[in-house]
Every structure is written in structure tokens, then in C-alpha cells.
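Presented below is the structure to which this report refers.
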Amino acid sequence: MSALDELMSEARQQEIDPPARGFHLDRREFLKTLGGGLLVCVAPVREFAQESGRQWQGHELPTELNAWIHIGADGEVKVFTGKVEVGQNIRTSLAQLVAEELRTPFDSIAMVMGDTDLTPWDMGTFGSRTTPTMGPQLRNMASAARDVLVKTAAARWNADASTLTAADGKVTNPHTRESLTYGELTRGEELVENVPSDPPLTPATDWKIAGTPLRKVNGRDFVTGKHRFPSDIVRPGMLFGKVLRPQGYHASLVSVDTSGAERVPTAKVVHDGDFIGVTAEDMHSAEQALAAIHANWTVPPQISNSELFAALKKGSSSEDSRPEFASGSVPQAYAAAEVKLDQHYTVQYIAHTPLEPRAAVADWNGDKLTVWTGTQRPFAVRDELCEAFHLPAKKVRVIQPDMGSGYGGKHTGEAAVEAARLAKASGKPVKVIWTREEEFTWAYFRPAGFIEVRSGTRRDGTLVSWEFHNFNSGPAAIQTLYNVPNQLVQFHPADSPLRQGSYRSLAATANHFAREVHMGEIAFALGLDSLQFRLKNLTDPRLRAVFQAAADKFRWGRSRPEEGHGFGVAGGFDKGDYVAACVEVEVTPERKIKLVRVVEAWECGAIVNPDGLRNQVMGACVQAIGGAMFEAIQFKDGRILNPHLAGYRVPRFSDVPEIEVILIDRKDLPSSGAGETGLVALAPAISNAVFAATGVRLRSMPMAPLNAIPGDEPPRFQS
Amino acid sequence: MADFLLQVNGEELHVRGFAEESLLFALRNRLNLTGAKYGCGEGQCGACTVLLNGKATHSCLTPLSSAVGVQITTIEGLERHEVLTPVQEAFLEEGAYQCGYCTPGMILSATALLREVPHPTDEQIVEHMNGNVCRCGTYPRIMAAIRRASAPAGKGASQ
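Just so you know, the protein sequences line up as chains A and B, in that order.
With the working numbering as the guide, the letters of the first sequence map in order to residues 109 to 827.
With the working numbering as the guide, the letters of the second sequence map in order to residues -17 to 141.
Here is the structure:
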């Protein structure tokens, strides 16, 4: 798959629907606003360049401006990118890459991110794409900028450029010992430089700033409370807004009485078609006004948890399924196999639950709209606003302050549109912050899934047949990296009863759960060690390396679990990342699962920031505990039954085991993104460990929704 | 609407608001102290934690009227003359956050713990901190930061 295909496939999975519009700002105009200096533009990523002419939603991907670097007279380097910081530490690691190639101190770099008026168009921050796509583009630009600076110095000194050196934000002539700072070199100039297609890049083995464990660049603002998250933005004269929600999904409004709301001091009701909202001068009054609205709705009958998997297996009424991968002859190989297994696995809908719910502040200035909001896709939110208010792109500015995370859950602009609608009606800036209940109900969920696996194996442990069907949860990481000559791997879209969308690791979690639990089942059926069985059927050296690293550290095969404990292993690959985990669980006499120890080995090419990477991988292990063990959305008749943290349990301090993260740094390989894949190995490793401890096989995520092993019965849910 | 006199971060501040509105809303929306965060509004996540007379308290469940006459400390009140508290320093040194949205609540909860128990065991840290959610999953680093702040070299939490 080419990089472009991969990106477009990812985009499709991320429910990226609204049409995007082009980017119009003139580069020389932009340079004027920056007061001269050196502006470096256009860094075609090589794979994209070969796909010239291909478009994505009107954007000419290969030639679109993806980022700019500007070097000012004071030597400050401003990097403009539409990517956003959501806790993945990309503000820091992208700056490291620029500083490295530009040969300038790390603290001279300022990242300008996620502002639709200032940064070039960007599809969004998702799919672990920032490091592998934006990283190389910024490195190319920084390398080209350095080249321009060296040539500028050479011209001033009438020297041979190849004899000059660039380091620490200066160009130096070693013969004359003259030097000029980058700021001095760009002063008074108005330079716009386009990047050659293939500038020389510094190999990771020579990195001095990239590859080092720098801490979050603006960490101090987070420990002092100074950082303003989207929900912290304040505008002069700002009002507070709330929006009336239906009583259930697909509900129709029968009648509404807003007179009570009108009586709340300072409150005003905005009623426009199906949209009913209120504004007030303070949040408390806005809440009071909303509560005073009496509305009657009819909610049509809808599917509940209990009918979910049967519904998903019915497939889709509109989309066809096609094999993701097929080879050999599965029916013949399966028929001839000595050991046959046929099982199914399920995953429930789960909620992203970003601690900062959706929030937006909208401010109209004449017909120009500015919205501060928490989103992974500021340009897509701009498009939503343009469509909602019939505005051209240049009349809408979306600004994304570094936000209280998203995990794939903030691709859409609901709060932005709501705040803008209320602000338009009131003539004043309006802030809308969703409640936790709104976030649980009116955002979207990680898809639920039903997965069937049929395998055929020879007695000696050789896989011969592999059939894998995923209903609804998605095709990410659906293919097995184990060697099997006869395969049928298929994703079946389904009509999801709930609104679903992107999630950290998306379907890779469900597909790894089914595949790696099933591998454990085959190993047991054959009486083979679970790790040895995997390695016997695996040639991919990078995946073998992480399995081996995790196993060595865990002392797999060299230590035995104590009574009531079990060991489990699982691993896999997605988005350029290789991961393997060994876990130890304890199952108490009350059949409660206690996670004791996790060793996770990880490899994603050359490591850009080992501290940020370790934080991501460890955080992924912790977040994965929730979906593995207890997170599940309960729904009935178009309503969410557990839209509160009291009823939807997320991992807490007391759930965290001893976690060791092993990072394998492959400086010879390109860096891939690391925000997601760290989740995928944990759940199957836990299932395998629980089986080792108890002989009970858990095939449904979450595995212990009541904190106890449910046995072979389908899991019940706590309401 | 009524006038309330609050003692916030060592200052006396007049606030006009409703007796029953939450201290969280009053701090954030009337005093522009946005360090305390809304996370759930139900005392389940700890993002809104502030100190009332030194005790970690959910400001989302505290009515404005009941915050009168007590010393309120928010995250903005910890730093003095650009000097961070040992707990803030420890969070920086351990890199104990990802998105940072839970960080003010975490730091204030940890500050209250260390004031009461200067050298807590891991079990005591977990028990005290379990009401604070970090959805990014940085709990191991937050534990490390609290241990660091409680170590003798760090001289415990001074705030």
C-alpha cells in the first residue's frame, strides 16, 4: 500500500465526511505580516510526489502546502503546521526534528499549530500520521532552510558555501572565524524558498537534539494552571450557552415550552428548527434556563446491548464487503487440517471520555467568525462552520489551543457549531462546554465488533488455514503477520446502532484481541508454549524482536506463576509500530482479575523522543486496561444507560500494575507514529493469562465488567 | 444573586453570584481562575480539585456559599515569586502528564496528601489519589512525582 493509499484508507475509517476547502492565503502576504525573514514552503513527501494528480476532497495532496518554516530577524524559528497537540507530545517532538535539521537550539523553535488562519491546510491529527508524514516534511524544510542560510552567508562573505558550517543557530566560516546568526542572515530579507524534492537529511545515528528525551516544551504552564485549554478561553462580554438534547437517538420533537427559560434572569432562548439553545450571562443561569425548558419527544424503538451482535452480523444495508486479503484455498486447507478451531470474539462500544469534554468559544466580528475549540481537525471544523453558516473559508477562523486530549474522539465540531449559532443570535461571544453526560451520549463511540475466526493447524504447530471475519469494528490491522498459506480475511461493514467513529487504535484493538486470543487457543490445543507457537509461524524480524524482548525481560519460560496467577503473551503490528506484551494476572478466590505485571516491548523505527515515547506507550497500556477489563457503553431504546463516570468505569490509580516498557530504537528505519498501537497487545495477553490461571477462556471485551470473571456466559453489565 | 467574600490564594475577593452555584463555576467564570477544570460535575474525576483549608475538595460539588470563610487554594496560588512548590517541580521533573488537563487537580490532591502524610506509602498514595482520573494513563509517572516530592531531599510539600 502506498503512503497515500494508507492515508486515504485511514481517512475513510475516521469518518471524515465534510468536504474540505482550499487554502488561499498568499505566501508573500503572509511573509509581510511576519516582517520579512526567510519563509520555507512546500515539502513534497516522496511517496506522494509519485502519485501526482491524485486528490483528496479537492486538496491536491502532493503539491498542497503542508507546513511552513519562518526564520525571523531575531533568530526565532516559527514552524506553522495544521497538526495539533492533544497530549501526544508532538509540539515537542516536531520542534526537535526542526532544530536538528536546522542546527539551531531547541528553545529557538516556536510551533504554531492548529490555527486555520495561520497554518496551511491539514487533514487532521489522527492515525499516528504526524510523525511519519509531518516529521519528514518539516525535516526537509529545515534542511532546505539551512542550505539557504549557508548560501546567503557564502554570498555575503564571498566564500565557498561548501566550506561553511551551520551550528547552534549560526553560520560560521572556519577559515576566517567569522560567523552570522540566522537572524542576522535573514534580517531585511524577504525570502521565499521552495524546497527541493530531496534535500539531504541528517541520519538518526547523528542526531543530537532529535532522539533525546526532552520534556514537554511548555510543561511549566501545565503545572501552574497558566495554560488555557479550549474550555478556558474567555472573550470580553462572553455569554454561556447550553443546548437542549433529545430524549433519545433519532427522536422527534413533539412539543416544547420555553417560557420557563425566558423567565430566568439574563437568559435568552434560541429556537431555530430542531435547534433549541439558551444563553445567559453566567453558567449557572444557563443551566437553570435549560432545565426550565419542557419538551416532549418520541423516540423510535432501537437496538439494545442484548441484540447488538446479532445486528452487527446482519451486515450493512448499503455497503458491500470485500476480502481484505485472500490466498490459497481456505476450504480445502481447513478440511485437511489436523487441528481445527472455530470461535468468535466480541468487543463492546466504548467511549473516549477525554477529561476535557467538547468545548468551544465563538466570537463574531461582523461576518467573520472566530472559534476556539478542542478538535483534532481544525480545518474540518472550519468546513462544518462554513457549511452551517454559508460562509467562505476565509470568513471563518478555527483556533485549537492544546487541548484536554481526544483519543480519536474529537474529529467533529458539534460544540463549535452550537457556540457559533448561539453567538450569532446573541450578538456576543458564547462559550459552550458539553457536560460529561453530553459527551458520553452525543459524541461518538469506538465501534463494537463481532469477529469470527476459523483456523487449521498441523499437529507440529504449522498454521495452514486462517479465516477471519470482522463485522463492523473495522479493517485496521486485520491481516495476520503469521505465515499462513491459505487465508481469507474480510471486513464486513454493518449498520451500527450507535454513532461510531475514530478511536485510538480503532479496530486494531478488536482485531488483535481476536487474533491473539485465538493464537493462544491453538497453542493450548496443540500443547505448545504460546510464545514458541507464535515464533514458529512468524518470520517478520521486527515482530519477532519485540516478542523476544518482552519475553526476555518477563523471563517467559524461565519462571513459573505462583498459585492463582497466570502468564499471557500477545503482540502485533499496526501503523508501522511493532508491539508485544507479556502480562501476569492474579485471579482471586472471588474470581476477580488483578493485573500484576506488564512488560511491553515496542519498536517504531528511529525514536524521536524516548521520554515522550515511553510516556505514550505506558499511557496506552493503562488506557487499554479499561477497554480490556471493564469499559462498555450500555444502551437501550435510544438512550445511554451509563453516561456518567460513576457508571462507566475508567482506569484509576488502583488499577495500574507494575509496567515495564522496553523501547527498541531502530535508527536505521524511518520513524512511525506512536500514539495508538501501544493499546493492542494488552487485552489478548490478559485473556491468555486468565486462561493460564483458571482454564476459563474470555473472548469478550470487556472481560470482567463486574470486576469478576464472568465464566463462559456472556458478560452482564452493571447498571 | 448575592455578594460573597472569598479568600482565594491569600487574597480577599468579592464575588457576585448565586449561593447554590458551584465554587468551580465561580472560580472559573467569575474570577477567571481557570486552573480548576470541569471534568464530570459529579465528584468522580478530581479535575476540579481545590484546597479548602488545606483539604483536597471537589469544587464542582461545593456551593459558592459554603466556600465563604475558608482558605481556598487553587493551582494558580501555588507558585510564589516564580518559585514552584516541590510537588509542581516533581511533576515537571517526572514529566507526569500528557495532555495536562488533570494536572492541576492531581497536584492539589497530592499537595493535600503530603501535608497530612509527608512520607506516604504507595498504598496511601493510591488510596488518596484514586478519585483523580488521568485518562491519558500517566498514573505511574504521577506516583513517581509524588514519591519524589515526598523524598527527604525534596523536604516534603511546603504549600
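Glycine included, every Cβ here is placed at the ideal spot set by N, Cα and C.
These figures come from a predicted structure and were not determined experimentally.
Residue i - partner residues in DSSP beta bridges
{"i": "Y756 (chain A)", "result": "Partner(s): none; Y756 (chain A) has no beta bridge."}
{"i": "S4 (chain B)", "result": "B:P45"}
{"i": "K448 (chain A)", "result": "A:G564"}
{"i": "R62 (chain B)", "result": "B:V65"}
{"i": "Y611 (chain A)", "result": "DSSP lists no partner for Y611 (chain A)."}
{"i": "P85 (chain A)", "result": "This structure leaves residue 85 (chain A) out entirely; chain A is present only between 109 and 827."}
{"i": "V479 (chain A)", "result": "A:A470, A:V506"}
{"i": "K539 (chain A)", "result": "A:F348, A:V469"}
{"i": "A688 (chain A)", "result": "A:G679, A:A709"}
{"i": "Q53 (chain B)", "result": "B:Q(-11)"}
{"i": "F579 (chain A)", "result": "A:F558, A:H600"}
{"i": "I217 (chain A)", "result": "A:V185"}
{"i": "M809 (chain A)", "result": "A:V455"}
Test: residue i CB closer than 9 Å to a CB of chain A
{"i": "V(-10) (chain B)", "result": "no"}
{"i": "F(-14) (chain B)", "result": "no"}
{"i": "I54 (chain B)", "result": "no"}
{"i": "F0 (chain B)", "result": "yes"}
Residue i vs residue j beta-carbon contact at 9 Å
{"i": "N114 (chain B)", "j": "T16 (chain B)", "result": "no"}
{"i": "H452 (chain A)", "j": "R554 (chain A)", "result": "no"}
{"i": "Q587 (chain A)", "j": "V597 (chain A)", "result": "yes"}
{"i": "P605 (chain A)", "j": "V192 (chain A)", "result": "no"}
{"i": "S832 (chain A)", "j": "K683 (chain A)", "result": "The structure shown does not extend to residue 832 (chain A), since chain A is modelled only from 109 to 827, so the question has no answer here."}
{"i": "A732 (chain A)", "j": "A688 (chain A)", "result": "no"}
{"i": "A736 (chain A)", "j": "G783 (chain A)", "result": "no"}
{"i": "S287 (chain A)", "j": "T785 (chain A)", "result": "no"}
{"i": "R607 (chain A)", "j": "A528 (chain A)", "result": "no"}
{"i": "G349 (chain A)", "j": "K532 (chain A)", "result": "no"}
{"i": "V69 (chain B)", "j": "A29 (chain B)", "result": "no"}
Selected residue, minimal CA-CA separation from residue i, among the options
{"i": "E671 (chain A)", "options": "A:P792, A:L636, A:R774, A:V798", "result": "A:V798"}
{"i": "R699 (chain A)", "options": "A:H673, A:D685, A:V716", "result": "A:H673"}
{"i": "S389 (chain A)", "options": "B:R(-2), B:L(-13), B:E(-7), B:E(-6)", "result": "Checking the sequence, you will find Glu at residue 389 (chain A) rather than Ser. Answer by Cα proximity: B:R(-2)."}
{"i": "V(-10) (chain B)", "options": "B:C116, B:A(-16), B:E58, B:K19", "result": "B:E58"}
{"i": "A441 (chain A)", "options": "A:Q204, A:Q595, A:L463", "result": "A:Q595"}
{"i": "A1 (chain B)", "options": "B:R123, B:R12, B:F(-14)", "result": "B:F(-14)"}
{"i": "V764 (chain A)", "options": "B:A133, B:E98, B:M111, B:Q80", "result": "B:M111"}
{"i": "G680 (chain A)", "options": "A:H283, A:E694, A:Q656, A:R666", "result": "A:Q656"}
{"i": "Q410 (chain A)", "options": "A:N404, A:L499, A:A419, A:A403", "result": "A:A419"}
{"i": "V506 (chain A)", "options": "A:A524, A:F497, A:E495, A:P810", "result": "A:A524"}
{"i": "L5 (chain B)", "options": "B:P68, B:N35, B:I54", "result": "B:I54"}
{"i": "L636 (chain A)", "options": "A:G720, A:D568, A:D685, A:S216", "result": "A:D568"}
{"i": "K702 (chain A)", "options": "A:G734, A:V331, A:V187, A:Q204", "result": "A:G734"}
{"i": "V206 (chain A)", "options": "A:N413, A:I317, A:G512, A:A181", "result": "A:I317"}
{"i": "D773 (chain A)", "options": "A:R722, A:M809, A:P759, A:T233", "result": "A:R722"}
8 Å contact criterion, which residue i and residue j should meet: CB distance rounded
{"i": "T406 (chain A)", "j": "S360 (chain A)", "result": "5 Å"}
{"i": "I107 (chain B)", "j": "M125 (chain B)", "result": "6 Å"}
{"i": "E71 (chain B)", "j": "L753 (chain A)", "result": "Not a contact, Cβ separation roughly 30 Å."}
{"i": "S780 (chain A)", "j": "V625 (chain A)", "result": "Wrong, their Cβ atoms sit about 25 Å apart, outside the cutoff."}
{"i": "A678 (chain A)", "j": "H620 (chain A)", "result": "7 Å"}
{"i": "P307 (chain A)", "j": "A252 (chain A)", "result": "5 Å"}
{"i": "K376 (chain A)", "j": "S201 (chain A)", "result": "Incorrect: roughly 45 Å between the Cβ atoms, too far for contact."}
{"i": "M231 (chain A)", "j": "T189 (chain A)", "result": "No, M231 (chain A) and T189 (chain A) are not in contact; Cβ-Cβ is about 12 Å, not under 8 Å."}
Residue-chain proximity (residue i, chain B), Cβ-Cβ < 9 Å
{"i": "H335 (chain A)", "result": "yes"}
{"i": "D685 (chain A)", "result": "no"}
{"i": "M221 (chain A)", "result": "no"}
{"i": "N723 (chain A)", "result": "yes"}
{"i": "N197 (chain A)", "result": "yes"}
{"i": "T332 (chain A)", "result": "yes"}
{"i": "P213 (chain A)", "result": "no"}
{"i": "T543 (chain A)", "result": "yes"}
{"i": "Q731 (chain A)", "result": "yes"}
{"i": "T483 (chain A)", "result": "no"}
{"i": "V342 (chain A)", "result": "yes"}
{"i": "K324 (chain A)", "result": "yes"}
{"i": "L398 (chain A)", "result": "no"}
{"i": "M231 (chain A)", "result": "no"}
{"i": "I767 (chain A)", "result": "yes"}
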